[in-house]
Amino acid sequence: MSFPSTQLLVNCDLFPKEFSIVVTLKFTHSVSKRNEYIFSLLESKKVEKREAGDKKDENNKGNILERTKERRQKSNGERGRIILGLRFSRKRLHFLFRGHGGVLEHWAFRGTRLADNRWHTLVLAIGSHHVRLTVDCSSPLEMYSRSFTTIQWQYSKSARTLQPYHSRLTGLLRQLVLVPGSDATHHICPSSEPHLSVLSVPPLLSDLTIMGKEADGHVISYETQERVSVGLERACSELLQGQLWFNPLRKGLYLCDGTVWITVLEDHKRLDYVLEHQVLTTSSETHDVEVFQVPGIGLMAAMAHRSTASGSAVYLWSQTGFQLYQNISTYGALAWRHFGMGKKVFLVVSNSGGRPDKHFSKESETDSSVIYKWSKKRKRFVRFQTLQTHCARDWEAFSINQQTYLAVANHRQGNHNHTINSVIYKWNQLTKSFEVHQFLLTTGAYDWEFFTVGPYHFLVVANAFDGVTTSVDSVIYVWVNGSFRVFQTIKTFCATDWEMFQIGSRVFLAVANGHRLHGNGPSRYTINSTIYELDMNGQLFVRFQDIVTYSAVDWEFFSLGEEYFLVVANSFNGESYSLNSILYRVSPAIVNRELGKTKMR
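In the numbering used here, the protein residues as written are 66 to 666.
Put into structure tokens, the structure is as follows:
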């Protein structure tokens with residue numbers, strides 16, 4: 066089957082630079098020894114003729130064999146030259162692309178014995194400098210080359226045709242999917258049937274028979290003989306009953322029932338990949354970024370910088386990216402938190418070091434964290450109120466019964482005293498300031514997380530260290546009669562963050578555990594972080610799933626379309642700070658509220 070690439074690339078003028086090819090196929094032991102193309106992208110013959118000229122003598126070193134093959138293919142006269150191809154032989158899989166100077170480059174994955182009369186699912190992922198082949202969800206084979214960045218994608222999309230090339234495929238093909246993005250492996254792996262992993266094979270297709278002749282002997286036209294037609298518009302009639310139609314604009318596959326098209330598959334919004342947009346050069350080590358909106362001004366980002374000399378920076382978003390807008394004096398800043406009261410916008414900073422012009426004894430050391438208010442007149446953040454803190458790690462702003470509160474996580478006082486009070490502040494409408502509302506005893510507090518379930522308000526603290534061990538209790542508080550009471554304690558190990566998220570009516574809490582340490586013993590950084598679920602009947606959080614992390618410092622939950630994701634920030638494994646942070650997709654079984662063991666994956 067062949068068709069112009071314009072039927073797929075309807076909203077873009079260029080073929081994707083990073084993409085994956087997913088294919089499920091089966092070859093018998095007696096497959097021909099010759100090469101057979103699974104997929105190819107061809108330049109139209111007209112464009113080839115326009116570009117033909119004096120290129121025959123260019124790049125004549127190291128590519129004689131491939132150019133000889135190319136000339137044989139050109140002599141066919143029926144097809145244009147190949148731009149991109151996936152080719153199969155008995156003992157290897159071949160990836161071909163036209164690189165620098167128009168030379169056809171050829172990469173071969175050896176040892177991929179596919180001619181065994183069994184189904185195999187292959188994912189060929191093409192990145193900026195590498196090609197990765199995964200067969201049946203096994204360990205990938207990789208090849209690296211900088212020359213891949215020179216692949217000739219500049220051909221206009223109207224000059225491309227998708228079709229078999231040189232030698233038609235004689236095996237069985239179950240799916241062939243072109244996926245934009247650097248790697249589609251995570252879409253189908255892991256799988257309980259890795260050799261038959263499904264990305265875009267509807268169950269309806271497995272039972273469809275190929276139509277040949279009507280009962281009265283009438284020969285069906287070529288259009289009705291096509292298993293799948295591709296285009297933006299198609300009419301469904303009795304003549305086309307049982308036929309499939311792929312709409313590239315909707316990214317949907319439809320089945321004709323003789324009257325109307327029935328939806329078989331439709332694309333939902335998916336997380337694809339993120340491209341680097343801007344590099345921000347900061348004055349010192351940055352501990353935190355807080356992004357927020359100021360009405361009438363725009364999107365802003367506050368950076369918490371470690372350096373006392375340079376302070377911390379506030380950026381404003383412009384058409385080209387974030388631009389430095391204001392510099393604020395801070396002292397070992399660890400975090401920013403923005404909040405609003407009515408039309409007023411505030412920023413509060415967690416300072417972990419005292420002002421350089423003041424001196425404290427180590428045991429009574431006190432820091433000053435500062436609340437800043439946005440001035441509409443000056444169009445700047447101005448100092449509003451100073452609050453006494455002790456190596457403040459985090460601020461949390463929340464509202465209960467239309468009253469505004471601030472919670473500060475005091476980490477330690479001096480160098481050794483970690484079991485100290487963290488403070489809940491309440492806004493006083495008369496004095497126009499925040500005043501102490503409640504003290505809560507914490508142990509090396511790192512983070513506060515406020516959340517609401519029905520009529521109940523909760524506040525959970527991540528306790529990290531008591532001066533001897535990181536095995537301490539973190540505490541969940543519930544709001545009762547105007548103050549917080551202990552609701553539940555959970556054993557954690559240098560807890561650095563809590564993340565609450567909700568899927569339907571189910572409520573979850575994820576804790577980021579940093580490391581295990583006791584006394585002078587060794588630290589263990591590869592440990593479990595845990596997700597808890599609220600048991601409505603038992604009225605407590607119960608363990609839902611353990612996930613291995615490496616000195617985790619943060620969890621974030623987000624959704625995209627109908628899918629839900631959790632991402633963890635790993636920081637250290639005991640040997641290296643250069644680690645992968647992991648994105649987890651929530652199992653559909655959780656979303657569908659199915660019974661049994663449902664997990665993040």
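Cβ coordinates follow ideal geometry from the N, Cα and C atoms, glycine included.
The continuous stretches of alpha helix (DSSP H) do not include ILE362, and DSSP gives it neither H nor E.
Rounded to the nearest angstrom, the gap between the Cα atoms of THR235 and ILE103 is 10 angstroms.
Only residues of its own chain outside the window of five on either side were considered, and among them HIS481 and HIS483 have a CB closer than 7 angstroms to the CB of GLY532, listed in chain order.
Taking a contact to require three or more Cβ pairs closer than 8 angstroms, the region 242-254 and the region 175-184 do not qualify as touching. With fewer than 16 other CB atoms across the displayed protein chains lying within 10 angstroms of its CB, ALA374 is exposed. Contact between the region 463-482 and the region 504-515 is present, with at least three C-beta pairs closer than 8 angstroms.
Three or more beta-carbon pairs drawn from the region 342-353 and the region 362-379 are found closer than 8 angstroms, and the two stretches are therefore classed as touching. Contact check for ARG650 against PHE630 passes: the beta carbons are separated by less than 8 angstroms. The residues SER265, PRO267, GLY317 and LEU318, in chain order, have a CB closer than 8 angstroms to that of LEU330 in the same chain once the five nearest residues on each side in sequence are set aside.
Distance from the CA of GLY626 to the CA of ILE647, rounded to the nearest whole angstrom, comes to 20 angstroms. In this structure, the alpha-carbon of LEU644 lies about 20 angstroms from that of GLU207. Separation of VAL413 and LEU309 (C-alpha to C-alpha, rounded to the nearest whole angstrom) is 58 angstroms. Here the region 593-613 does not lie against the region 544-551, with fewer than 3 beta-carbon pairs under 8 angstroms apart. Within the DSSP bridge table, the entry for ALA369 names ASP353 as partners. In this structure GLN343 is exposed. Its beta-carbon is surrounded by fewer than 16 other beta-carbon atoms within 10 angstroms. Setting aside the 5 residues that flank it on each side, THR328 is surrounded in the same chain by GLY317 and TYR319, each with a C-beta closer than 7 angstroms to its C-beta; the list follows chain order.
If you look at THR469, you'll find it in the beta strand (DSSP E) that goes 468-475. Annotated three-state conformation of LEU297 is coil, per DSSP. Counting only residues of its own chain and dropping the five nearest sequence neighbours on each side, HIS185 has a CB closer than 8 angstroms to the CB of THR89, LEU90, LYS91, LEU179, VAL200, ASP201 and HIS260. Around the beta carbon of GLU108, 16 or more other beta carbons sit within 10 angstroms, so the residue counts as buried. Excluding sequence positions up to five before and after LYS444, its CB lies less than 6 angstroms from no other CB in the same chain. Within a 10 Å sphere around the beta-carbon of VAL572 sit 16 or more other beta-carbons, which makes this residue buried.
The C-alpha of PHE449 lies about 35 angstroms from the C-alpha of GLN567. In the three-state scheme derived from DSSP, where H, G and I count as helix and E and B as strand, GLY150 is classed as strand. For ASP432, the beta-bridge partners assigned by DSSP are THR454.
In the DSSP secondary-structure assignment, LYS409 is bridged to MET406.
Spanning the alpha carbons of GLY479 and GLY405 requires a straight line of approximately 32 angstroms. Relative to the Cα of LEU151, the nearest Cα in the group HIS194, GLU101 and GLY166 belongs to GLU101. Shown here, GLY167 sits in a helix according to DSSP, grouped into three states. Cα atoms of ALA577 and ALA617: separation of roughly 5 angstroms, rounded to the nearest angstrom. The criterion of a C-beta distance shorter than 8 angstroms is not satisfied by GLN503 and ILE485. In summary, ASP432 is buried, with 16 or more beta-carbon neighbours lying within 10 Å of its beta-carbon over all protein chains present.
VAL447 is not a Cβ neighbour of LYS441, given a cutoff of 8 angstroms.
Annotated as proximal: SER85 and VAL244, with beta-carbon spacing under 8 angstroms. Scanning GLU258, HIS476 and GLN468 for the CA closest to the CA of ALA400 turns up HIS476. DSSP places HIS342 outside both helix and strand once states are collapsed to three, so it counts as coil.
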